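In this note's numbering, the protein residues as written are 3 to 597. The beta carbon of each residue, even a glycine, is placed where N, CA and C say it ideally should be. Predicted model, so just to flag it, every value in this text is computed and none were measured. Report on the following structure.
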């Protein structure tokens, strides 16, 4: 039986219907005119609507997508928290673009207002999604599978046969069989209802909970982290105290008094490079040999730190970042007294071949008359000199094949006593005068072992040797373990939600007019799967010994085929509902027979 519904049409004249176009406009559409007045939501209604939108799954996925897109600039644009030198260089080379990036917070993406807003909204959205779904799932676990629909033939997978066994025996055997196959099964009248695959929803919830765990881990890592850098020359060491760092940054809740006691000494830096071919100059060995200790009285241990193998010590990780060269010099003043002796790190300006610049500052120097005469030297260093005959200093290979040091001498006041911080790699020339000899600046290219003498008997500087230096990053990230746990749980939960199928099975056994028992099996899955018909066929075959086929029950003397197949089409005018929500007993009104 079919029913027809109609919508009453507005009987207004055509001229009223199409006020602008008159009768012509009224013929453009056959839709009835609707005069609907929407009720005013009010502040509470709008707040409720906003909350429902925010906690919907589509908004959570949209925020997750925005978070991943927002993280892209943090990978492509130099970040102040990672490499401020690169940020300064970018601002110098791209003035206009740098101003735009600065206003948008692109140089500190992960601490910017817009990224934090997406992060917090996603956090709230996930919690709003998970909490009600968790309570709903707990209610499903505490409940029972819904009762069987009146007509099992309407379900996608169905089979039936007749047997001489009593209905009670068939139902008892069916319930035992389903429980044996790990279904949740219970008797309801003349049918057994069973359900399986609850781990699908568990996986879904675990996945979303894991996302929250990862967000919490990132927050913990940001608020309680500490990170600092240290440049160490061969033979020198580092102890984990605030004064030892060249630069140090920490989260808002990190307490600098809780720094763990550990340290290490750089014994030797090893580096070898490809000497031919298209990869000439590419590092082959890039390794720092160190001795480290952990704890105030810890014993020293030897190990090596490489680029992809950091040292894990006392809850922190020590990463190898860069390396360069530190020319060793000996400076004597006008009295002939050694006022400086040691290795001075030079910073590479060419990261491939290590053309480097640096300064030597000697604040304790004096003239031969005993007057204060602070010395400063601006220098260039190349490990493999390639500018012979050109008058310029550049390196053509990163290894120490032909090391050359060029120094230009200054004297006067270095400004170290002004109380203002200075960059140890730059020379403040405001109060310095350049040494000149016969009107020409005093400068010299030196090989190891050579000496440059200063005019007026003010002293000398000798190039005695070369050491290597390495820069390290010491990072304390307390949320890394939690983030790894969340990521692993997210993968496990996602696998469960994708590969586990939730399905329901009903077995009905009723006596017919001929004294036989009619056995019906039907199944319904949450999503279409070829596994459900196979599973129902296995159930039918395992149940057959307890409910054997009755002999010659059909008109042709043959027993019906027990194999399950698709339910017969009852036609569009059938009185049965399209979905099997009707049942003999009470069922979950929101679920019915659906999985």
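Between the CA atoms of residue j and residue i - distance to the nearest angstrom
{"i": "residue 249", "j": "residue 293", "result": "22 Å"}
{"i": "residue 331", "j": "residue 407", "result": "10 Å"}
{"i": "residue 372", "j": "residue 337", "result": "7 Å"}
{"i": "residue 284", "j": "residue 398", "result": "13 Å"}
{"i": "residue 177", "j": "residue 188", "result": "7 Å"}
{"i": "residue 598", "j": "residue 136", "result": "Only positions 3 to 597 of the chain appear in this structure, which leaves residue 598 out of reach."}
{"i": "residue 467", "j": "residue 75", "result": "43 Å"}
{"i": "residue 269", "j": "residue 396", "result": "28 Å"}
{"i": "residue 196", "j": "residue 321", "result": "56 Å"}
{"i": "residue 380", "j": "residue 96", "result": "28 Å"}
{"i": "residue 504", "j": "residue 46", "result": "38 Å"}
{"i": "residue 140", "j": "residue 181", "result": "20 Å"}
{"i": "residue 194", "j": "residue 146", "result": "11 Å"}
{"i": "residue 516", "j": "residue 169", "result": "14 Å"}
{"i": "residue 252", "j": "residue 143", "result": "46 Å"}
{"i": "residue 507", "j": "residue 523", "result": "7 Å"}
{"i": "residue 1", "j": "residue 509", "result": "Outside the displayed span of the chain (3 to 597) sits residue 1, for which this structure offers no information."}
{"i": "residue 354", "j": "residue 400", "result": "7 Å"}
{"i": "residue 158", "j": "residue 532", "result": "11 Å"}
{"i": "residue 237", "j": "residue 462", "result": "25 Å"}
{"i": "residue 537", "j": "residue 490", "result": "31 Å"}
{"i": "residue 394", "j": "residue 359", "result": "13 Å"}
{"i": "residue 493", "j": "residue 416", "result": "59 Å"}
{"i": "residue 162", "j": "residue 171", "result": "16 Å"}
Helix, strand or coil at residue i [DSSP, three-state]
{"i": "residue 96", "result": "coil"}
{"i": "residue 281", "result": "coil"}
{"i": "residue 155", "result": "helix"}
{"i": "residue 403", "result": "coil"}
{"i": "residue 218", "result": "helix"}
{"i": "residue 145", "result": "coil"}
{"i": "residue 233", "result": "strand"}
{"i": "residue 1", "result": "An answer regarding residue 1 cannot be provided, because it is not within the stretch 3 to 597 covered by the chain."}
{"i": "residue 132", "result": "helix"}
{"i": "residue 2", "result": "The structure shown does not extend to residue 2, since the chain is modelled only from 3 through 597, so no value can be given for it."}
{"i": "residue 293", "result": "strand"}
{"i": "residue 356", "result": "coil"}
{"i": "residue 76", "result": "helix"}
{"i": "residue 443", "result": "strand"}
{"i": "residue 362", "result": "strand"}
{"i": "residue 553", "result": "coil"}
{"i": "residue 301", "result": "coil"}
{"i": "residue 428", "result": "coil"}
{"i": "residue 70", "result": "helix"}
{"i": "residue 241", "result": "strand"}
{"i": "residue 350", "result": "strand"}
{"i": "residue 329", "result": "strand"}
Residues near residue i in its chain [Cβ-Cβ closer than 8 Å; skip 5 each side]
{"i": "residue 72", "result": "111, 116, 117, 120"}
{"i": "residue 82", "result": "89, 109, 110"}
{"i": "residue 340", "result": "332, 333, 334"}
{"i": "residue 184", "result": "198"}
Cutoff 7 Å; reference residue i; Cβ partners in own chain excluding five residues on either side
{"i": "residue 447", "result": "406, 408"}
{"i": "residue 61", "result": "55, 127"}
{"i": "residue 258", "result": "244, 252"}
7 Å Cβ cutoff, residue i in contact with chain B
{"i": "residue 550", "result": "This model lacks chain B altogether, as it is built from one protein chain only."}
Cutoff 6 Å; reference residue i; Cβ partners in own chain excluding five residues on either side
{"i": "residue 345", "result": "235, 328, 330, 469"}
{"i": "residue 498", "result": "201, 205"}
{"i": "residue 241", "result": "265"}
{"i": "residue 459", "result": "336, 370"}
{"i": "residue 312", "result": "319, 320, 321"}
{"i": "residue 323", "result": "473, 475"}
{"i": "residue 445", "result": "410"}
{"i": "residue 479", "result": "223, 227"}
Exposure label - residue i; buried when at least 16 CB within 10 Å
{"i": "residue 427", "result": "exposed"}
{"i": "residue 127", "result": "buried"}
{"i": "residue 519", "result": "buried"}
{"i": "residue 102", "result": "exposed"}
{"i": "residue 278", "result": "exposed"}
{"i": "residue 30", "result": "Legend: pLDDT at residue 30 = 39, less than 50; position of this residue unreliable, value from coordinates given subsequently. By the neighbour-count rule (16 or more Cβ atoms within 10 Å), residue 30 is not buried but exposed."}
{"i": "residue 451", "result": "exposed"}
{"i": "residue 529", "result": "exposed"}
{"i": "residue 303", "result": "exposed"}
{"i": "residue 216", "result": "buried"}
{"i": "residue 59", "result": "exposed"}
{"i": "residue 77", "result": "exposed"}
{"i": "residue 261", "result": "buried"}
- prompt: Considering only residues of the region 453-507, which uninterrupted alpha helix (DSSP H) runs meet the minimum length of 4 residues and lie entirely inside it, listed in chain order?
  reply: 482-501, all fully within the region 453-507.
message: If we require 3 or more residues per run, which beta strand (DSSP E) segments fall completely within the region 154-209?
response: The region 154-209 is shown to contain whole beta strand (DSSP E) runs of 3 or more residues at 159-165, 186-190, 193-198, in chain order.
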